[in-house]
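A.B. asks:
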Amino acid sequence: MLWIIHFIEIKDTTGSISFEKEDVLIVGEVKGDVSISEGSLIITDSANIVGSVSIFGDSLIIKGNVKGDVSGICNKIIISGNIKGDVSLIGKYVKNDGYLNGDL
Numbered sequence: 010m011l012w013i014i015h016f017i018e019i020k021d022t023t024g025s026i027s028f029e030k031e032d033v034l035i036v037g038e039v040k041g042d043v044s045i046s047e048g049s050l051i052i053t054d055s056a057n058i059v060g061s062v063s064i065f066g067d068s069l070i071i072k073g074n075v076k077g078d079v080s081g082i083c084n085k086i087i088i089s090g091n092i093k094g095d096v097s098l099i100g101k102y103v104k105n106d107g108y109l110n111g112d113l
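Each position in the sequence shown, counted from 1, maps to that position plus 9 in the numbering used here.
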């Protein structure tokens, strides 16, 4: 079986990021908000987001740092990074091994 995985890779940027129907991989620093609609978002362990994260889609994986609020409605949510803000999550599978400094 052949799997082709396509991600839009974000390295370093200033300003808000918004995607619809795309899978996004953040590997650098983002100074602004991140919004994903009908897609997936992976924030790697080397990523740093200074702003809020909002996703309505298939999956959310946070391994890096988020300095802002996180809200998500996804099938699969995995948090193993640091979030300094309020967190609101709805999902079929939610796993939290990270550090949350805010309301859940």
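Backbone N, C-alpha and C fix where the C-beta goes; we use that ideal spot for every residue, glycine too. Only a predicted model underlies this, so the values are computations on that prediction, with no experimental measurement involved.
If you check the beta carbons only, do Ile71 and Ile52 fall under 7 Å apart?
C.D. replies: Cβ distance < 7 Å, so Ile71 and Ile52 count as in contact.
A.B. asks: Report the start-end ranges of each beta strand (DSSP E) in the region 83–110 that is 3 residues or longer and not cut off at the edges.
C.D. replies: 96–105
A.B. asks: Compare the beta carbon distance of Leu98 and Gly111 with 7 Å and say whether it is the shorter of the two.
C.D. replies: A distance of 7 Å or more separates the beta carbons of Leu98 and Gly111.
A.B. asks: Going by DSSP in three states, Lys76 sits in which element: helix, strand or coil?
C.D. replies: coil
A.B. asks: Ser63: buried (16+ other C-beta within 10 angstroms of its C-beta) or exposed?
C.D. replies: buried
A.B. asks: Give the DSSP bridge partners of Thr23, in chain order.
C.D. replies: Lys40
A.B. asks: If you follow the beta strand (DSSP E) that Gly66 is in, where does it begin and where does it stop?
C.D. replies: 62–71
A.B. asks: Asp112 lies in the beta strand (DSSP E); which residues open and close that run?
C.D. replies: In this chain, Asp112 is not harboured by any beta strand (DSSP E), its DSSP state being neither H nor E.
A.B. asks: Which of the three DSSP states, helix, strand or coil, is assigned to Gly81?
C.D. replies: strand
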